[in-house]
Structures are given as structure tokens and as C-alpha cells.
Amino acid sequence: MDTNGFVNNIFSVTPQKFSQLALEVFRFQYENNEVYKTWVKNLNVDVAGIQMVEQIPFLPVSLFKSAEIKTTAFEAATIFESSGTTETINSQHHVKDLGLYRQSFLNGFQQFYGDVRDWCILGLLPSYLERSNSSLVMMVDELVKRSKHPQSGFYLYNYSELHDVLLELEKRQQPALLIGVTFALLDFAEAFPMQLNYTTVMETGGMKGRREELIRPQVHAILQTQLGINKVHAEYGMTELLSQAYSNGEGIFSSVPWMKVLVRDEDDPLHIKTQGRGVVNVIDLANLYSCSFIATDDAANVYPDGSFKILGRVDNSDVRGCSLMVV
Numbered sequence: 164m165d166t167n168g169f170v171n172n173i174f175s176v177t178p179q180k181f182s183q184l185a186l187e188v189f190r191f192q193y194e195n196n197e198v199y200k201t202w203v204k205n206l207n208v209d210v211a212g213i214q215m216v217e218q219i220p221f222l223p224v225s226l227f228k229s230a231e232i233k234t235t236a237f238e239a240a241t242i243f244e245s246s247g248t249t250e251t252i253n254s255q256h257h258v259k260d261l262g263l264y265r266q267s268f269l270n271g272f273q274q275f276y277g278d279v280r281d282w283c284i285l286g287l288l289p290s291y292l293e294r295s296n297s298s299l300v301m302m303v304d305e306l307v308k309r310s311k312h313p314q315s316g317f318y319l320y321n322y323s324e325l326h327d328v329l330l331e332l333e334k335r336q337q338p339a340l341l342i343g344v345t346f347a348l349l350d351f352a353e354a355f356p357m358q359l360n361y362t363t364v365m366e367t368g369g370m371k372g373r374r375e376e377l378i379r380p381q382v383h384a385i386l387q388t389q390l391g392i393n394k395v396h397a398e399y400g401m402t403e404l405l406s407q408a409y410s411n412g413e414g415i416f417s418s419v420p421w422m423k424v425l426v427r428d429e430d431d432p433l434h435i436k437t438q439g440r441g442v443v444n445v446i447d448l449a450n451l452y453s454c455s456f457i458a459t460d461d462a463a464n465v466y467p468d469g470s471f472k473i474l475g476r477v478d479n480s481d482v483r484g485c486s487l488m489v490v
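For the sequence shown, this note's numbering assigns the number 164 to the initial residue and increments by one for each residue that follows.
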């Protein structure tokens, strides 16, 4: 199997070719991923009869907590780990090729925000920096480096310094991306209210017991008022995925071309739809060496154009670092 050909096709895939490539990746992973193959067999699925993406079995995201999800045998270049809480077992994503992850988030950023060298990247991710093996920290760190802006960087709890930097950037009309975990953005905005005209604020979710849980519209309303912005951007990603979706406001997310969100019926998990309301199934073709077909614990509404709105989490799912309560 020429996986290099797979990689080239993943990041150049068109909407017309997505289903065909997804089916090829499914067959590759079914044959080369023992955990996934066992799961599919336990479902008594007729693998030979799978001809549409809606027929592909999706692996429960919870299995990343208890098993090594690997397609082909390899020594991981890194193991990304979810944040969770002290009471939860964290997910682990064994990554064979960090180049795949890097290519995925860099291509995604380019698609949604243009050349990273045009931006000053400001990371406000204290809870993620306090632990190792965060995929989000790696992504933001790479964006910081590639922006080559002298004031790009992580600001941890240095809210006063961040405030001064933002004032200077605003004065120079320098486009900046302030990407932060929700509780830290709220803390900063309440401590240092200001008017931002050239700064894009992006929340990554994550209250994780740091503050009272708020629904997304409440969070955005506070940030809009305190920071003088019209919209709050957001990122939808997780440890178990190597790709992200982005929202430029109103909580409506769009995916990169090599990622697709579907929904399953909560009462009938094998009934999968390309649009409508249900529990999120994600196809992430960049997950070539783990599993590209993930059944998450998020509820969503998927629109006819493929965009989606996260509605909340299904009952009994763990609170995770990237979660944010929504309605």
C-alpha cells in the first residue's frame, strides 16, 4: 500500500472525490488497524457491501482512552493526550507522522485565515501549557513561529502584558489572532476591557471547572461587550483528530476539505445522515494512521452545505478540556 499516495490525495481532495477517498481509507484501516477491525466485526457489518460513507462504521471516541488506535505497526512520533479532569481517564492519540498533523493545521489556517505571516499570533492557553502533549499547544506554537512576528507568543497568565501588546498592535493596525481557552479569555476580558478593531478573538472551548459553566452565546456576549468586537471566532477540534473546523461567528463551523461531519441517531448509532440533528460522527482523512472515522459525544445540527452547529454533549460523556456547554 502506497501511503504517500494517500497523503497527497488527502490534502488535495475535492468534494466530488471525498467519498471515494474515504472508502479507500476505510478499507486500508480495516485491514491494518486491529482495534478498528475488531470493532467493525463485532457490529456484524457486511464490509464488502459498504459503498457510501454513511455505511462506514465509526469508532467510539472513548476507545482512545483504553486502546492504542494504530493503523499499521509503528513507534509513535508523539502521543497527544486530552486534558480532561483529575477524575477522568484521558484519551491518547498515537501519532505516526507529525508532518501529517502539521500539514493539516497549516493548510487549514491558510484556507480560513490566509498567510500566517500576515498575523501576530497570541496564545492564551494556560491550562494546556500546564501539561505536556497537547495538540493545541503544538499547533499554536507552530503558528507563532511561522508568523515571525516579534510579539507572537504565549502569554500564560500575563494579562497585563497581553493588554499592553494588544494596545500596541491596535495602534499599528496589525492584524492579530488571540486564540485562547474560554476561561482565560473571560478572565482577561473582565480584567482588561478594551476596544479591539484589528484583533480576531478565537475561543477553543474549555471551562474545566475553572469558572461557572456558561453556554456559548453567553460567553460570546461577554467577550463582545468587554473587548468591543462584533464576532467571536471558534475552533472545533479534539485530541483524537488531526484536523479542525472553524467558526467566524454565530457558532457555525466549517470544515477543511479532508474533514466531514455527519450525524447519527442517538437511539440507532448505525443510522447515519449527512445532514440534520444528531450526534456527531467525524471523518478526518488526516487520521490516516489512527482511525479516520470517529463517533464523538457531541450533539450537532449539520446543514445542507456541510457546515454545522454544536448543540451540546450527550448524556454521561466526560467533561473534556475542549468542551463548552451550548444549547
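C-beta: ideal position from N, C-alpha, C; glycine also. Quick caveat, the model's predicted, so the values are computed rather than measured.
**Asked** Quick one: what's got a C-beta closer than 8 Å to L206's C-beta in the same chain, skipping five residues either side?
**Response** Indexing the sequence shown from 1 puts residue 206 at position 43. For L206, where only same-chain residues beyond five positions count, the Cβ hits under 8 Å are P220 and L433.
**Request:** Report the residue ranges of all beta strand (DSSP E) runs contained in full by the segment 396-439; include only those spanning at least 3 residues, in chain order.
**Result:** 396-399, 408-410, 415-418 and 422-427
**CA-to-CA distance, N253 to D260, given in whole angstroms** = To locate residue 260, count along the sequence shown from 1; it is residue 97. To locate residue 253, count along the sequence shown from 1; it is residue 90. Approximately 21 Å between the Cα atoms of the pair.
**Message:** Using only the alpha-carbon positions, how far apart do F456 and E194 sit?
**Reply:** Taking the first residue of the sequence shown as position 1, residue 456 is located at position 293. Taking the first residue of the sequence shown as position 1, residue 194 is located at position 31. Taking the straight line from one Cα to the other gives about 14 Å.
**Request:** Take Q336 and list the residues in its own chain whose beta-carbon comes closer than 7 Å to its own, dropping the five residues that flank it on each side.
**Result:** Stepping through the sequence shown from its first residue, residue 336 is reached at position 173. Contacts found: Y361.
**Asked** Is S453 near N196, with beta carbons less than 9 Å apart?
**Response** The sequence position of residue 453 within the sequence shown is 290, counting from 1. The sequence position of residue 196 within the sequence shown is 33, counting from 1. For S453 and N196, yes; Cβs fall inside 9 Å.
**Prompt:** What is the residue span of the beta strand (DSSP E) that E366 lies within?
**Reply:** Taking the first residue of the sequence shown as position 1, residue 366 is located at position 203. Run containing E366: T362 to E366, per the beta strand (DSSP E) assignment.
**Request:** Report the three-state DSSP secondary structure of V224 (helix, strand or coil).
**Result:** On the sequence shown, residue 224 is found 61 positions in, with the first residue counted as 1. Assigned with DSSP and collapsed to three states, V224 falls in helix.
**Prompt:** Near E403, which residues of its chain fall below 7 Å by C-beta distance, leaving aside the five closest residues on each side in sequence?
**Reply:** Against the sequence shown, residue 403 aligns to sequence position 240. Excluding sequence neighbours, E403 sits near V224, F227, S254, H256 and I457.
**Prompt:** What number of angstroms, rounded off, separates the C-alpha of T363 from the C-alpha of G168?
**Reply:** Counting from one through the sequence shown, the residue named residue 363 turns up at place 200. Counting from one through the sequence shown, the residue named residue 168 turns up at place 5. Roughly 36 Å between the two C-alpha positions.
**Message:** Considering just the uninterrupted stretch of the beta strand (DSSP E) at Q255, what are its terminal residues?
**Reply:** Walking along the sequence shown from the start, residue 255 turns up at place 92. Looking at the DSSP string, the run of the beta strand (DSSP E) that includes Q255 is Q255 to V258.
**Asked** Which residue comes first and which comes last in the alpha helix (DSSP H) that contains D327?
**Response** As a working mapping, residue 327 is identified with position 164 in the sequence shown. Element bounds for D327: Y322 to K334.
**Request:** Look at the alpha carbon of F237 and the alpha carbon of E231, and state the distance between them as a whole number of angstroms.
**Result:** Here the question's residue 237 lines up with position 74 in the sequence shown. Here the question's residue 231 lines up with position 68 in the sequence shown. F237 and E231: Cα-Cα distance of roughly 11 Å.
**Asked** On the premise that S175 lies in contact with S267, defined as a C-beta separation below 8 Å, what is that separation, rounded to the nearest angstrom?
**Response** The residue given as residue 267 occupies position 104 in the sequence shown. The residue given as residue 175 occupies position 12 in the sequence shown. S267 to S175, Cβ: 13 Å. No contact.
**Prompt:** Whose C-beta lies closer than 6 Å to the C-beta of Y399 among residues of the same chain, with five residues either side of it excluded?
**Reply:** Walking along the sequence shown from the start, residue 399 turns up at place 236. Closer than 6 Å at the Cβ level, and outside the excluded window around Y399, lie A408 and F416.
**Request:** Go ahead and label Y199 buried or exposed: buried means 16 or more other beta carbons lie within 10 angstroms of its beta carbon, across all protein chains shown.
**Result:** Counting from one through the sequence shown, the residue named residue 199 turns up at place 36. By the 10 Å Cβ count, Y199 comes out buried.
**Message:** Measuring only the C-alpha atoms, how far is R440 from Q314?
**Reply:** Indexing the sequence shown from 1 puts residue 440 at position 277. Indexing the sequence shown from 1 puts residue 314 at position 151. Looking at the two C-alpha atoms, the distance is approximately 42 Å.
**Prompt:** Does the separation of the CB atoms of T345 and E366 fall below 9 Å?
**Reply:** Start at 1 with the first residue of the sequence shown, and residue 345 comes out as number 182. Start at 1 with the first residue of the sequence shown, and residue 366 comes out as number 203. A contact, by the Cβ cut-off of 9 Å.
**Request:** Please determine, among P338, Y318 and K308, the residue with the shortest C-alpha to C-alpha distance to E293.
**Result:** Against the sequence shown, residue 293 aligns to sequence position 130. From the listed residues P338, Y318 and K308, the smallest Cα separation to E293 is found for Y318.
**Asked** Would you call A352 buried or exposed, if buried means 16 or more other Cβ atoms sit within 10 Å of its Cβ?
**Response** Translated into the one-based positions of the sequence shown, residue 352 becomes position 189. The residue is buried, with at least 16 neighbouring Cβ atoms inside 10 Å.
**Asked** Just the Cα atoms here: how many angstroms apart are A384 and L377?
**Response** Sequence index remark: in the sequence shown, residue 384 carries index 221 (1-based). Sequence index remark: in the sequence shown, residue 377 carries index 214 (1-based). Rounded to whole angstroms, A384 to L377 spans 11 Å at the Cα level.
**Asked** Once you ignore the five residues that flank G504 on each side, which residues in its own chain have a CB closer than 6 Å to its CB?
**Response** An answer regarding residue 504 cannot be provided, because it is not within the stretch 164 to 490 covered by the chain.
**Request:** Just mark V490 as buried or exposed, buried being the case when its beta carbon has 16 or more other beta carbons within 10 Å.
**Result:** Position 327 of the sequence shown holds residue 490. Any reading at V490 needs caution, since the residue's pLDDT is 32, under 50, leaving its predicted position unreliable; the model's value is listed next. Exposed: under 16 other Cβ atoms inside 10 Å.
**Three-state class that DSSP yields for F456 in the structure shown** = For this step, residue 456 is matched to residue 293 along the sequence shown. Correct three-state label for F456: strand.
**Item:** Three-state secondary structure (DSSP) of T166
**Value:** Position 3 of the sequence shown, counting from 1, holds the residue named residue 166. Helix.
**Message:** Against chain B, with Cβ distances strictly below 9 Å, would G168 count as a contact?
**Reply:** The chain labelled as chain B is not found in the depicted structure, where only one protein chain is given.
**Request:** Report yes if the CB atom of A347 is closer than 9 Å to the CB atom of S298, and no otherwise.
**Result:** Start at 1 with the first residue of the sequence shown, and residue 347 comes out as number 184. Start at 1 with the first residue of the sequence shown, and residue 298 comes out as number 135. It is not a contact, given that the beta carbons lie outside the stated cut-off.
**As assigned by DSSP and simplified to three states, the class of A354** = In the sequence shown, counting from the first residue as 1, residue 354 sits at position 191. Three-state DSSP puts A354 in a helix.
**Asked** Buried or exposed: Y264, going by 16 or more other Cβ atoms within 10 Å of its Cβ?
**Response** Here residue 264 is taken as the residue at index 101 of the sequence shown, counted from 1. Classification for Y264: buried.
**Unbroken beta strand (DSSP E) run spanning R476, endpoints** = Sequence index remark: in the sequence shown, residue 476 carries index 313 (1-based). Looking at the DSSP string, the run of the beta strand (DSSP E) that includes R476 is F471 to R476.
**Message:** Runs of 4 residues minimum, wholly inside the segment 252-310: which ones carry the alpha helix (DSSP H) assignment?
**Reply:** 261-276, 289-292 and 298-310
**Request:** Compare the beta carbon distance of T459 and M401 with 9 Å and say whether it is the shorter of the two.
**Result:** Working through the sequence shown from its first residue, we reach residue 459 at position 296. Working through the sequence shown from its first residue, we reach residue 401 at position 238. Taking a C-beta distance under 9 Å as the contact criterion, T459 and M401 qualify as a contact pair.
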